[in-house]
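In what follows, a single structure is set out as structure tokens and then discussed.
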Amino acid sequence: MLFDKPRSGYSIKSNMLESTSRFWQESDASIYPMLKTLEAEGKVTSKNEFVGKRAKKMFEITQTGKDEFLAWMALPAESETHRDELLLKLFFGANTTPDETIKQLRLKLQQSQKKRAQLTIVQIDTLAQIPDTHTHKLFWEMALKNGLMHYDAQINWLIDSINCLENKFGGKNGNKN
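Shown next, in the form of structure tokens:
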């Protein structure tokens, strides 16, 4: 987030919410301590800028920080441990009613459709407004496409799973085979 321009901690958090929150999230409780650590390590510098009477601490990446960032970019991406509460509940679905499982799947379907629609708005309202010559546009489009395809696959899987349970159990309560 600092590679392009100096930012405040608040600006970093806001920018992450708009851009990377689908695949990478950080809380205020982690952003500010990380900035403090990066500053102590000489990877960023900070200065106070005044907006009216209020001071805003702005952080800027140093050459050392840029070098380390580029070295990190060259490393293979580590796999993250995936946790999905819905899949855990589905795994243990035989311990509850099919209707309860279908209810959980329908709720996730609504959430996924809403998130997919939000990404479509980003695609239309934000990325479409950025000139094709913008350095980052292609990379932002690829990340967005990953999100759209993820939600498309998830929505299709949820619909298929709901149909499978409804066909097998007919929406009956209490069947715990």
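Position in the sequence shown (first residue = 1) + 3 = the working numbering.
Note that the Cβ used here is the ideal one computed from N, Cα and C, for glycine as well.
Classification of residue i by the beta-carbon crowding that lies within 10 angstroms, buried from 16 upward
i    : result
Y13  : exposed
T136 : exposed
I162 : exposed
L5   : buried
N166 : exposed
K56  : exposed
Range covered by the beta strand (DSSP E) that runs through residue i
i   : result
F53 : V47 to V54
A58 : R57 to I64
CA nearest to the CA of residue i, picked from the options
i    : options                 : result
S11  : E29, I34 and S24        : I34
L151 : Q121, Q132 and N170     : Q121
E169 : M145, S30, T104 and F94 : T104
Euclidean distance between Cα positions of residue i and residue j
i    : j    : result
Q114 : N51  : 41 Å
M76  : Q157 : 29 Å
E81  : P36  : 23 Å
Short CB-CB distance (under 8 Å) between residue i and chain B
i    : result
N159 : Going by chain labels, chain B is absent from the structure shown, which holds only one protein chain.
Host alpha helix (DSSP H) of residue i (start-end)
i   : result
I34 : D31 to A43
Any chance the region 98 to 115 sits against the region 125 to 142, with 3 or more Cβ pairs inside 8 Å?
Counting C-beta pairs with one atom in each stretch, the region 98 to 115 and the region 125 to 142 have fewer than three that are closer than 8 Å, which means they do not touch.
Does the region 41 to 50 come close enough to the region 60 to 70 that 3 or more CB-CB pairs lie under 8 Å?
yes
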